[in-house]
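J.: Structure below; questions to follow.
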Amino acid sequence: MDLNVCCGTGGPEDYRRYNLDLTRMCGTNGVSRCTDPKKHLKHTHTLTRKTHTLIDKVMDLAKKLSIFVFLLCVLISLRNQKAATDSRSVAEGPSTRRNLGEDDSHSIAVVQARLKYDYYSDSCPSAERIIRSTVRELHEMKNVGPALLRLAFHDCFVMGCDASILLDSAGDVKSEKDTPPNRSIKAFEHIDAIKSILEDECPGVVSCADIVVLSAREGVLLVSLSLALALSLSLLSLCVKRAYPEDAAASLPSPHLNLGEALRSFAAKGFDARETVALLGAHSTGKVHCSFFYNRLYNFSGTNGPDPSINAEFVMVLRSQCSNSSSQPSPAPSPSSAALEDRAVKMDYEGAGNGFGEVYYRSLLEGKGLLFVDQQLTAGDDTRPWVEAYAADAPRFRRDFGLAMFKLSHLHVDSAAEGEVRLNCRKVN
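Per the numbering used here, the sequence shown starts with residue 326, numbered consecutively.
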């Protein structure tokens, strides 16, 4: 064998050095075994499997670490809240004091009881690995992270994380998919694909509701590792046997809401102004069709001009992306036109990976919010300070977003007590 080809041109010393390396890789026969491509390919596959195993171990460790960090944040937050309230109690007098210790202990107990990352560790140990690997494979073909996150929000915000959004219309069931807020929701086929694999591995064990939640978490991981580590969502949710189309149509926030309407919509689910601003930060990724904001670009509210809260130069950019000309006159093109139905603008239009959250909030401060409901966050005394805070402090946003999503995953936690583990996510058993 030509040593120059396999081992370099340095002579015997190089040969001994390279032969040692090849012995480690190819076996005790050294160079001679390197000529067998099948053995080399087998070794490569072995390294690949070991690499994936290592990645899974790192992810499991990261999940456990995130649980600890999250609980620590909760404890610190509760302690700070207790200290602040105690200070107010001293100033206000005995009549306004409360027994915070008892409330805090109860809150911590609820958090610890419901935070179940490893619920399927005994019944289906490979569940989370299957969901993680499938979401990764889907992501390689298409950016599925934003769609999975949006699907989870639209499911959980209505009557809790119960997979009601996955049901198709059939018999007495009227689907939530047909309601106006959900007509642009995607990723249903991704949930079907994951469920099919899980049913082959662990029949009748993993609920569709938990698949939605876990898929959203893995989707966020593909967008931002640091954000995913702050994102704690509970499991052990069964699937309800009905859908809630009327509630979905009434409660899901519209992109056209003004600030007061948006705050009332989120307050109805128990979220304050700070949590509302944090949750809308999910609009940092994905894309939005021009039909959702076209009215802001032309004859806004009958003014024969664009929404004055939009940066003037940004109006021209959006017009050029949603039509054939940036100088298109008023009125706006018909919402049913192909230009609006088929064209979309990326939410992270400054470029993916530029900082989940901070770019979104900084854009709002510059008058570059795509959706009216987003831009409105800069108009309120209770919301603008949080927009400014998150624009300047990404770790704070990630923490608050994680806490708000955890709270979202606990809405109506008892609503699915009579639920089931569906065999097909699109219909009841």
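Cβ coordinates follow ideal geometry from the N, Cα and C atoms, glycine included.
Keep in mind it's a predicted model, so treat the numbers as computed, not measured.
(1) From which residue to which residue does the beta strand (DSSP E) around histidine 614 run?
(2) Helix or strand or just coil, what does DSSP make of alanine 574?
(3) List the whole-angstrom C-beta distance separating glycine 470 from glycine 529, where the pair is believed to meet the contact cut-off of C-beta under 8 Å.
(4) Using the C-alpha atoms, what's the distance from leucine 604 back to leucine 275?
(5) How about valine 712 and leucine 702: are their beta carbons less than 7 Å apart?
(6) Below 7 Å between beta carbons: does that hold for alanine 452 and lysine 752?
(7) Alpha carbons only, please: which of Cys449, Tyr685, Arg508, Asp493 is nearest the one belonging to alanine 574?
(8) Quick one: using the 10 Å Cβ neighbour count with 16 as the cut-off for buried, is leucine 748 buried or exposed?
(9) Would you list the one or two residues that DSSP bridges to valine 498?
(10) Hey, cysteine 564 and glutamate 743: beta-carbon distance below 7 Å or not?
(11) Would you report the Cα separation of alanine 541 and alanine 704, rounded to the nearest angstrom?
(12) Identify, in the order they occur along the chain, each residue of the same chain with its Cβ nearer than 6 Å to the Cβ of proline 580, setting aside the five sequence neighbours on each side.
(13) Could you pull the start and end residues of the alpha helix (DSSP H) that lysine 566 belongs to?
(14) For lysine 693, which of helix, strand or coil comes out of DSSP?
(15) Does the distance from the C-beta atom of aspartate 497 to that of isoleucine 490 stay below 7 Å?
(16) Taking its Cβ as the centre, do 16 or more other Cβ atoms sit within 10 Å of arginine 457, making it buried, or is it exposed?
(17) Is the number of C-beta pairs between the stretch 679-692 and the stretch 713-722 that are closer than 8 Å three or more?
(18) Which residue wins for smallest C-alpha separation from valine 460, given the options Asp503, Val613, Val537, Phe478?
(19) Per DSSP, what are the beta-bridge partners of asparagine 749 in this structure?
(20) Helix, strand or coil for lysine 511 per DSSP?
(21) Considering only the beta carbon of each residue, do histidine 614 and methionine 672 sit closer than 7 Å?
(22) Roughly how many angstroms separate the alpha carbons of glutamate 462 and valine 483, rounded to a whole number?
(23) Cβ atoms of arginine 668 and cysteine 647: under 7 Å apart, would you say?
(24) Could you check the C-alpha separation between aspartate 706 and serine 562 for me, to the nearest Å?
(25) Out of curiosity, what's the CA-to-CA distance linking glycine 606 and cysteine 750?
(26) Which two residues bound the contiguous beta strand (DSSP E) that contains lysine 671?
(27) I need the DSSP call for glutamate 526, collapsed to helix, strand or coil.
(28) Which residue from Arg454, Ile455, Arg567 puts its Cα closest to that of asparagine 754?
(29) So, alanine 488 versus cysteine 449, is the Cβ gap smaller than 7 Å?
(30) Please tell me whether leucine 476 and alanine 518 are closer than 7 Å, where the distance is taken between their beta carbons.
(31) Taking DSSP as the reference, what is the three-state secondary structure of glutamate 465?
(32) Using only alpha-carbon positions, find the residue among Glu571, Val642, Phe478 that is nearest to phenylalanine 591.
(33) Following the continuous alpha helix (DSSP H) through phenylalanine 681, name the residue where it begins and the one where it ends.
(34) Using the C-alpha atoms, what's the distance from proline 570 back to tyrosine 444?
(35) My assumption, with CB atoms under 8 Å, is that leucine 763 sits in contact with isoleucine 455. Please give the rounded CB distance.
(36) Give the straight-line distance between the Cα atoms of histidine 464 and valine 531, rounded to the nearest whole angstrom.
T.: Considering the structure as presented:
(1) 612-614
(2) helix
(3) In fact, because the Cβ distance is near 28 Å, the residues do not count as touching under 8 Å.
(4) With the chain covering only 326 through 754, there is no way to say anything about residue 275.
(5) yes
(6) no
(7) Arg508
(8) exposed
(9) Ala495
(10) no
(11) 30 Å
(12) Phe617, Leu696, Val698
(13) Looking at the DSSP string, lysine 566 is not in any alpha helix (DSSP H), and its letter there is neither H nor E.
(14) coil
(15) no
(16) buried
(17) yes
(18) Val537
(19) Lys752
(20) coil
(21) no
(22) 29 Å
(23) yes
(24) 37 Å
(25) 28 Å
(26) 669-671
(27) helix
(28) Arg567
(29) no
(30) no
(31) helix
(32) Phe478
(33) Per DSSP, phenylalanine 681 belongs to no alpha helix (DSSP H) and is neither H nor E.
(34) 30 Å
(35) Not covered by the structure: residue 763. The range shown for the chain is 326 to 754.
(36) 22 Å
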